[in-house]
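Under my numbering, read the sequence shown as residues 6 to 233, first letter to last.
Reviewing the structure listed below.
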Amino acid sequence: MNRRDALRNLTAVVGAGLALPVYSGMLAGCNTGPVTPPYVPQTLTPEQHNLLGVLVQQILPETETPGAADVGVHDFIDRLLTGFLPDEAREPFIAGLVDVEDRSMAAFGVPFVEASGEQQIALMTELDFEAYPETQMRAEMAGDHVPDPSETALNEQNPQAETPESEAVEDDASASELEGPPFFATLKGLTLWGYYTSEVGATQELQLNPMGEFRGDIPLSEVGRSYA
6 MNRRDALRNL
16 TAVVGAGLAL
26 PVYSGMLAGC
36 NTGPVTPPYV
46 PQTLTPEQHN
56 LLGVLVQQIL
66 PETETPGAAD
76 VGVHDFIDRL
86 LTGFLPDEAR
96 EPFIAGLVDV
106 EDRSMAAFGV
116 PFVEASGEQQ
126 IALMTELDFE
136 AYPETQMRAE
146 MAGDHVPDPS
156 ETALNEQNPQ
166 AETPESEAVE
176 DDASASELEG
186 PPFFATLKGL
196 TLWGYYTSEV
206 GATQELQLNP
216 MGEFRGDIPL
226 SEVGRSYA
């Protein structure tokens with residue numbers, strides 16, 4: 006039922022005078038268009054899906070444009086895991102999420118999604134250095150501070166928390182022992198792919214048409230020479 010039909014039907018039943026006081030309540034229940042239901046993960050557990058959302062949002066956070074989780078990149082990755090990636094790619098990725106959670110519990114004593122932004126960045130920096138060792142070497146040569154998860158604020162509040170080198174991350178099924186590219190490298194690649202092929206990424210973050218408006222007949226005097 007649309008708004009016009011609702012008003013017509015209400016007036017016909019109770020009369021214009023009686024209908025006026027209840028118009029607002031009646032219209033509130035009218036269908037004004039399709040509503041997209043919340044995404045339900047198909048391969049990841051709800052907890053893993055939430056964790057993935059925090060990770061991708063930290064990789065591409067909200068600035069003047071929406072962040073990666075804001076446009077549903079974690080939903081996109083779950084769809085890939087469900088219908089497109091083979092088991093040999095799916096299983097290491099899920100193991101990587103488990104590894105992130107294990108490291109967070111060992112270093113901070115809380116799940117990754119409950120850690121502070123500073124703690125999350127420190128742990129992700131550690132993962133980035135493991136995936137791209139040359140990045141850490143360049144940072145150290147430049148004298149940049151390298152975040153350490155064990156140095157962050159929550160560890161001071163929770164001195165019983167173990168360091169990331171504890172047995173929690175040395176399990177035989179940990180992601181670091183599985184073959185294939187490092188988890189964090191895969192995560193960053195999928196995040197960039199999902200974001201920049203989304204409508205927001207392609208039209209707000211990027212320029213949709215890098216050539217500008219189409220001009221089929223440009224006088225040679227404007228360019229001076231023909232293009233190579």
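Just so you know, even glycine gets a beta-carbon here, dropped at the ideal spot from N, CA and C.
Only a predicted model underlies this, so the values are computations on that prediction, with no experimental measurement involved.
Count the other CB atoms, across all protein chains shown, that sit within 10 Å of the CB of residue i; report buried if there are 16 or more and exposed otherwise.
i, result
"Gln212", "exposed"
"Pro97", "buried"
"Gln47", "exposed"
"Ile223", "exposed"
"Gly221", "exposed"
"Ala127", "buried"
"Ser121", "exposed"
"Gly194", "exposed"
"Met110", "buried"
"Arg108", "buried"
"Val45", "exposed"
Taking C-beta to C-beta, are residue i and residue j nearer than 9 Å?
i, j, result
"Val105", "Leu60", "yes"
"Ser146", "Ile64", "The sequence given here has Met at residue 146, not Ser. Result no, Cβ atoms of Met146 and Ile64 do not sit closer than 9 Å."
"Pro187", "Glu135", "yes"
"Glu192", "Phe117", "In the sequence under discussion, the amino acid at residue 192 is Leu, which differs from the Glu named in the question. No, the Cβ-Cβ distance between Leu192 and Phe117 is not below 9 Å."
"Leu225", "Phe189", "no"
"Pro71", "Val228", "no"
"Leu86", "Arg95", "yes"
"Gly185", "Glu93", "yes"
Would you tell me roughly how many angstroms separate the C-alpha atoms of residue i and residue j, rounded to the nearest one?
i, j, result
"Val76", "Tyr137", "27 Å"
"Ala74", "Gly58", "5 Å"
"Glu139", "Phe89", "31 Å"
"Ala112", "Pro39", "44 Å"
"Gln62", "Glu218", "33 Å"
"Gln125", "Pro43", "25 Å"
"Gly114", "Glu123", "15 Å"
"Val78", "Met142", "30 Å"
"Thr208", "Thr41", "21 Å"
"Glu210", "Pro66", "12 Å"
"Gln53", "Ile99", "8 Å"
"Pro91", "Ser203", "23 Å"
"Ala144", "Glu69", "28 Å"
With a threshold of 9 Å between beta carbons, is residue i in contact with chain B?
i, result
"Thr202", "The chain labelled as chain B is not found in the depicted structure, where only one protein chain is given."
Do residue i and the ligand PLP come close, with the Cβ less than 8 Å from some heavy atom?
i, result
"Arg143", "Absence of the ligand PLP from the depicted structure is noted, as is the absence of any ligand whatsoever, leaving it without description."
At least three beta-carbon pairs within less than 8 Å, the segment 81 to 98 to the segment 195 to 212:
yes
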